[in-house]
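The opening residue of the sequence shown carries number 1 in my numbering; numbering runs sequentially from there.
We put the beta carbon where it would ideally sit given N, CA and C, even for glycine.
Note that the structure is a prediction, hence the values are computed from the model and not measured.
Taking it in order: structure first as structure tokens, then the write-up.
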Amino acid sequence: MSTGEHHDTISDLGFTIPAEDLKYVNEYTGHWELSGSGSVPENYWLVTKDGQGHPVNGHLSPQQILDWGKDQGWECAYVAPYGRHVVGAEDEIQLHEWLQSRKRKEQEDDYNRQH
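Right under this line is the structure:
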């Protein structure tokens, strides 16, 4: 297992995240992969930071789906093929949990620097 940071570009991931969260994805020392086996569905769903999947009607691009989720007032974690979650290949941590923990750590660090 790698101990250094692994840097992906958004187009390499196989799922779509808000651009501002790419830094958190890159802090992970392994690789992210889609859950499930078999053929990957062609339609998408939006997974929010609480881990809930929201089906999407129509033929929106992943970025349009993220925008739609923001319009709903949701904290968007990622867009992935329908029914698939994004997990760490080495430890199976869910991406939405990773994003929550990294943001929480960043907020704590910011608070500690200010006090």
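Tell me the start and end of each unbroken beta strand (DSSP E) in the region 2–75 that is at least 3 residues and wholly inside, in chain order. Whole beta strand (DSSP E) segments, 3+ residues: 32–34, 44–48 and 53–55.
Pairwise C-alpha distance: residue 33 and residue 13: One-based indexing of the sequence shown puts residue 13 at position 13. One-based indexing of the sequence shown puts residue 33 at position 33. In this structure, the CA atom of residue 13 is about 8 Å from the CA atom of residue 33.
If the criterion is Cβ atoms closer than 8 Å, does the pair residue 36 and residue 84 meet it? Taking the first residue of the sequence shown as position 1, residue 36 is located at position 36. Taking the first residue of the sequence shown as position 1, residue 84 is located at position 84. Taking 8 Å as the Cβ cut-off, residue 36 and residue 84 qualify as a contacting pair.
In or out: residue 69 buried (at least 16 other Cβ within 10 Å) or exposed? Translated into positions along the sequence shown, residue 69 becomes position 69. It is buried - the Cβ of residue 69 has at least 16 other Cβ atoms within 10 Å.
Looking only at its own chain, which residues have a Cβ that is under 8 Å from the Cβ of residue 97, when we skip the five neighbours before and after it? Here residue 97 is taken as the residue at index 97 of the sequence shown, counted from 1. For residue 97, where only same-chain residues beyond five positions count, the Cβ hits under 8 Å are 51.
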